[in-house]
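Below: the structure, in structure tokens.
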Amino acid sequence: MRRRTGIAVAAGLLLLAGGVSTGIASAHENPADRRAEATTDGAAAKRGGMVFVQSNDPQRNSILAFRRAADGKLTAAGEYPTGGRGGAQKDNPFDPLASQESLVFDRRHSMMIAVNAGSNSVTTFRVRDGKLTHRRTVKSGGDFPASIAVSGRTVYVLNAGGSTNVTGFRLSHDGLRPLAGSTRKLGITNDAVPLFTDSPPQVGFSPDGRHLLVTTKSKNTVEVFAAAHDGMLSAEPVTTASTGDVPFSFVFDQAGHLLVTEAAKSGVTSYTLRRNGTLDVITPSVESGQQVLCWIARAGKFFYGTNPGSSTVSLYTVDGRGRVSIGGKDGVIADAGGPEAVAEVAAAAAAAEQDPDAEPGKAPGAGPIDLAATTDGTLLYVQNTLAGTIEGFRVGPDGELTLVETENEGLPVFADGSGMEGLVVW
1 MRRRTGIAVA
11 AGLLLLAGGV
21 STGIASAHEN
31 PADRRAEATT
41 DGAAAKRGGM
51 VFVQSNDPQR
61 NSILAFRRAA
71 DGKLTAAGEY
81 PTGGRGGAQK
91 DNPFDPLASQ
101 ESLVFDRRHS
111 MMIAVNAGSN
121 SVTTFRVRDG
131 KLTHRRTVKS
141 GGDFPASIAV
151 SGRTVYVLNA
161 GGSTNVTGFR
171 LSHDGLRPLA
181 GSTRKLGITN
191 DAVPLFTDSP
201 PQVGFSPDGR
211 HLLVTTKSKN
221 TVEVFAAAHD
231 GMLSAEPVTT
241 ASTGDVPFSF
251 VFDQAGHLLV
261 TEAAKSGVTS
271 YTLRRNGTLD
281 VITPSVESGQ
291 QVLCWIARAG
301 KFFYGTNPGS
311 STVSLYTVDG
321 RGRVSIGGKD
331 GVIADAGGPE
341 AVAEVAAAAA
351 AAEQDPDAEP
361 GKAPGAGPID
371 LAATTDGTLL
381 YVQNTLAGTI
391 EGFRVGPDGE
401 LTLVETENEG
411 LPVFADGSGM
421 EGLVVW
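In this text, residue positions in the sequence shown follow the numbering used here: the first is 1, and each later residue adds one.
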């Protein structure tokens with residue numbers, strides 16, 4: 001397959017996949033943990049925090065650290081090799097791992113966890129005072145690990161290549177220990193390095209830790225496993241067909257409603273997750289009119305999604321019953337990479353319409369992919385893989401975004417299918 005880079009072509013590839021086929025970890029925490037976090041959020045906002053970016057370098061994966069000032073400005077604070085290699089899925093136009101939650105921070109145990117997709121391994125670091133120490137690396141249990149889920153001391157890794165599966169681990173002071181008998185196959189067989197339209201994109205736990213969810217692009221489903229206290233999963237998942245084509249990432253609201261993005265038509269569907277693992281639709285496919293919505297993150301009471309095909313960010317709100325509404329103007333609350341990047345996308349689309357048989361060039365726009373917010377929800381950071389930047393936005397009282405920072409120091413620019421992916425913020 002020849003890689004095409006126009007926004008209409010990118011959306012078409014994802015639609016084809018559906019037809020035929022903050023970054024903080026979703027960790028389960030007890031009420032005491034939540035109360036402790038709530039009391040420290042105000043102080044954290046005043047003193048700043050950290051932003052971590054996974055380089056996903058195919059030769060030498062590393063975590064790039066930035067100190068965050070209270071006003072959102074970033075200062076480079078070191079680089080930490082993972083001991084593994086990054087990866088790039090086949091024919092990807094801007095997202096080499098084609099996943100969400102490839103880099104996660106387990107706040108409860110002060111552990112950072114990263115995938116090394118190119119070497120089929122996972123690396124943990126202890127985190128103290130914004131520094132990463134005690135690196136430990138283990139095999140992921142399959143090919144091309146792309147996403148990580150954490151609940152208590154249970155960790156599951158989504159292996160998106162080969163005979164796709166989720167494999168469990170126990171989190172210890174010495175890193176991850178394999179959980180015997182935990183691997184569950186997903187019924188999708190890819191090459192060891194998968195095609196980006198075929199790979200499952202995210203694994204995550206429900207807020208109470210009782211279910212493990214996986215989205216699949218090629219099967220167009222959400223798979224839900226029951227999870228026991230010992231970390232073991234049910235033998236088979238409960239399968240729900242996605243309301244919209246190409247389900248990609250997901251997040252839960254504060255009331256436990258599930259929000260799933262759908263890349264083909266840039267929609268968001270909300271569901272109720274039942275105890276038996278079934279999903280009931282609340283709001284079906286709220287479409288933004290933007291191109292290739294994949295990633296979604298919560299910032300306080302707001303939800304934001306990135307649209308790499310149009311180089312924009314969309315705003316969503318969810319009411320107490322889980323009903324989703326879209327904000328902003330024409331589905332846009334901010335431009336990723338600024339107006340110039342959006343103009344570049346429009347020019348590329350116009351050129352493709354004039355000459356649909358022309359050889360593809362560099363994908364246009366900034367390429368917004370992963371995004372994550374501070375724990376107090378006042379700042380949102382967006383990872384622009386094509387531009388090689390991290391943009392920081394201040395979140396306003398009505399969800400509006402104001403650009404406060406653009407950082408590019410040490411960040412790789414997407415080239416030849418490879419680029420950064422993975423973002424953690426606090």
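Ideal placement from N, C-alpha and C gives every residue a C-beta, glycine not left out.
Between the C-alpha atoms of residue i and residue j, what's the straight-line distance to the nearest angstrom?
i: Thr167; j: Asn120; result: 12 Å
i: Thr402; j: Gly392; result: 8 Å
i: Pro145; j: Ala346; result: 34 Å
i: Asp335; j: Gly367; result: 11 Å
i: Pro412; j: Gly419; result: 6 Å
i: Met50; j: Ala69; result: 8 Å
i: Trp426; j: Thr378; result: 11 Å
i: Asp198; j: Ala88; result: 13 Å
i: Leu386; j: Val115; result: 21 Å
i: Ala255; j: Thr312; result: 27 Å
i: Arg60; j: Asp91; result: 21 Å
i: Leu195; j: Ala77; result: 35 Å
i: Leu213; j: Leu132; result: 29 Å
i: Val424; j: Val395; result: 17 Å
i: Gly327; j: Ser314; result: 7 Å
i: Asp253; j: Ala192; result: 34 Å
i: Lys301; j: Glu359; result: 44 Å
i: Ser234; j: Pro284; result: 28 Å
i: Pro81; j: Phe414; result: 19 Å
i: Pro436; j: His257; result: There is simply no residue 436 to check, as the chain begins at 1 and stops at 426 in what is shown.
Is the separation between the beta-carbon of residue i and that of residue j shorter than 8 Å?
i: Thr123; j: Thr137; result: yes
i: Val104; j: Ile113; result: yes
i: Leu371; j: Gln354; result: no
i: Tyr316; j: Ser325; result: yes
i: Ala263; j: Val286; result: no
i: Thr269; j: Val281; result: yes
i: Glu79; j: Ser62; result: yes
i: Leu259; j: His211; result: no
i: Leu74; j: Glu407; result: yes
i: Pro237; j: Thr216; result: no
i: Gly204; j: Ala149; result: yes
i: Ile390; j: Val157; result: no
i: Ile333; j: Glu405; result: no
i: Thr261; j: Ile296; result: yes
Once DSSP output is grouped into helix, strand and coil, what is the label at residue i?
i: Val332; result: strand
i: Pro339; result: helix
i: Gln54; result: strand
i: Glu400; result: coil
i: Arg67; result: strand
i: Val246; result: coil
i: Arg85; result: coil
i: Val345; result: helix
i: Glu405; result: strand
For chain B, check one thing: does any of its Cβ atoms lie closer than 8 Å to the Cβ of residue i?
i: Glu236; result: Here chain B cannot be found, since the structure has a single protein chain.
Using the rule of at least 16 other Cβ atoms within 10 Å of the residue's Cβ for burial, across every protein chain shown, is residue i buried or exposed?
i: Ala27; result: Because Ala27 sits at a pLDDT of 44, beneath the cut-off of 50, its placement in the model cannot be relied upon, and the point is left open.
i: Arg47; result: exposed
i: His134; result: exposed
Problem - Every unbroken beta strand (DSSP E) within the region 168 to 220, with a cutoff of 3 residues, ordered by chain - result: The qualifying runs are 175 to 178, 184 to 189, 202 to 205 and 211 to 216.
Practice task
Taking only runs that begin and end inside the region 113 to 157, name each unbroken beta strand (DSSP E) of 3 or more residues, in chain order.
Solution key: Runs found: 121 to 128, 131 to 139 and 143 to 151.
Exercise for the section: Mind listing, in chain order, the continuous beta strand (DSSP E) runs of no fewer than 3 residues lying wholly within the region 270 to 295? Expected result: If only complete runs of 3 or more residues are kept, the region 270 to 295 shows the beta strand (DSSP E) at 279 to 287, in order along the chain.
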